[in-house]
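In the UniProt record's numbering, the protein residues as written are 1 to 123. Taking it in order: structure first as structure tokens, then the write-up.
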């Protein structure tokens, strides 16, 4: 697990894998004061150029503009490196901002990690 302590431990980021696919699980509030652990985690994962990567946002309780920008940056970088990126989230705190910004049309979004992993596995 990445050491992601920030003010009041508002966010945690943990790198795991499921069915051989890297999963970056995020819990807490994503805003300008807590975003760095997510940016670092995404950068570390994308540096490895995996065929697929799942960003598990099921534990995110708030997603501000900096969280959305971090996701947008990861989408661009994943496309440049050939990594299929998927987001696992099925709740309003994440789905509403993704929908309002159109990011839900730029990345695969599935309600569970299982479904997101299935979406990035080669067929």
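A virtual CB, placed ideally from N, CA and C, is assigned to each residue, including glycine. As the structure is a prediction and not an experimental result, all values here were calculated from the model.
Fill in: Complete runs of the alpha helix (DSSP H) confined to the stretch 11–64 [at least 4 residues]
36–47
Worksheet item: With 16 as the cutoff for other CB atoms within 10 Å, does residue 67 come out buried or exposed?
Response: Position 67 of the chain shown, counted from the start, is the residue given in the question as residue 67. Label assigned to residue 67: buried.
Discussion item. Would the stretch 90–104 count as touching the stretch 42–56 if we require 3 or more Cβ pairs under 8 angstroms?
Written reply: no
Fill in: Three-state secondary structure (DSSP) of residue 86
Residue 86 sits at position 86 when you count from the first residue of the chain shown. If DSSP states are grouped into helix, strand and coil, residue 86 belongs with the strands.
Worksheet entry | Option nearest residue 23 by Cα separation, candidates 34, 50, 61 | Counted from its first residue, the chain shown places residue 23 at position 23. Here the closest residue by C-alpha is 50.
Practice prompt. Determine the direct distance from the alpha carbon of residue 79 to that of residue 123, and round the result to whole angstroms.
Written response: Position 123 of the chain shown, counted from the start, is the residue given in the question as residue 123. Position 79 of the chain shown, counted from the start, is the residue given in the question as residue 79. Those two C-alpha atoms are separated by around 18 angstroms.
Worksheet item: Nearest-angstrom Cα distance between residue 25 and residue 106?
Response: To locate residue 25, count along the chain shown from 1; it is residue 25. To locate residue 106, count along the chain shown from 1; it is residue 106. For residue 25 and residue 106, the distance between alpha carbons rounds to 20 angstroms.
Worksheet item: Cα separation between residue 102 and residue 27?
Response: The residue given as residue 102 occupies position 102 in the chain shown. The residue given as residue 27 occupies position 27 in the chain shown. Each residue's alpha carbon lies about 22 angstroms from the other.
Fill in: Neighbourhood of residue 104 by C-beta distance below 8 angstroms, restricted to the same chain and skipping five residues each side
Along the chain shown, one-based indexing puts residue 104 at 104. Contacts found: 95, 98.
Worksheet item: What are the boundary residues of the beta strand (DSSP E) that residue 109 is part of?
Response: Within the chain shown, residue 109 is the residue found at index 109, counting from 1. Start and end: 108–110.
Practice prompt. Evaluate residue 20 with the Cβ neighbour count: other Cβ atoms within 10 Å of its Cβ, from every protein chain shown; 16 or more gives buried, anything less gives exposed.
Written response: Within the chain shown, numbered from 1, the residue matching residue 20 stands at position 20. So residue 20 ends up on the exposed side.
Discussion item. Does residue 114 come out as helix, strand or coil in the three-state DSSP assignment?
Written reply: Looking up residue 114 in the chain shown gives position 114. Of the three classes helix, strand and coil, the one that applies to residue 114 here is helix, per DSSP.
Worksheet item: Does the Cβ of residue 5 have 16 or more other Cβ atoms within 10 Å, making it buried, or fewer, making it exposed?
Response: Counted from its first residue, the chain shown places residue 5 at position 5. Bear in mind that a pLDDT of 43 at residue 5, under 50, signals an unreliable position, so the model cannot answer this.
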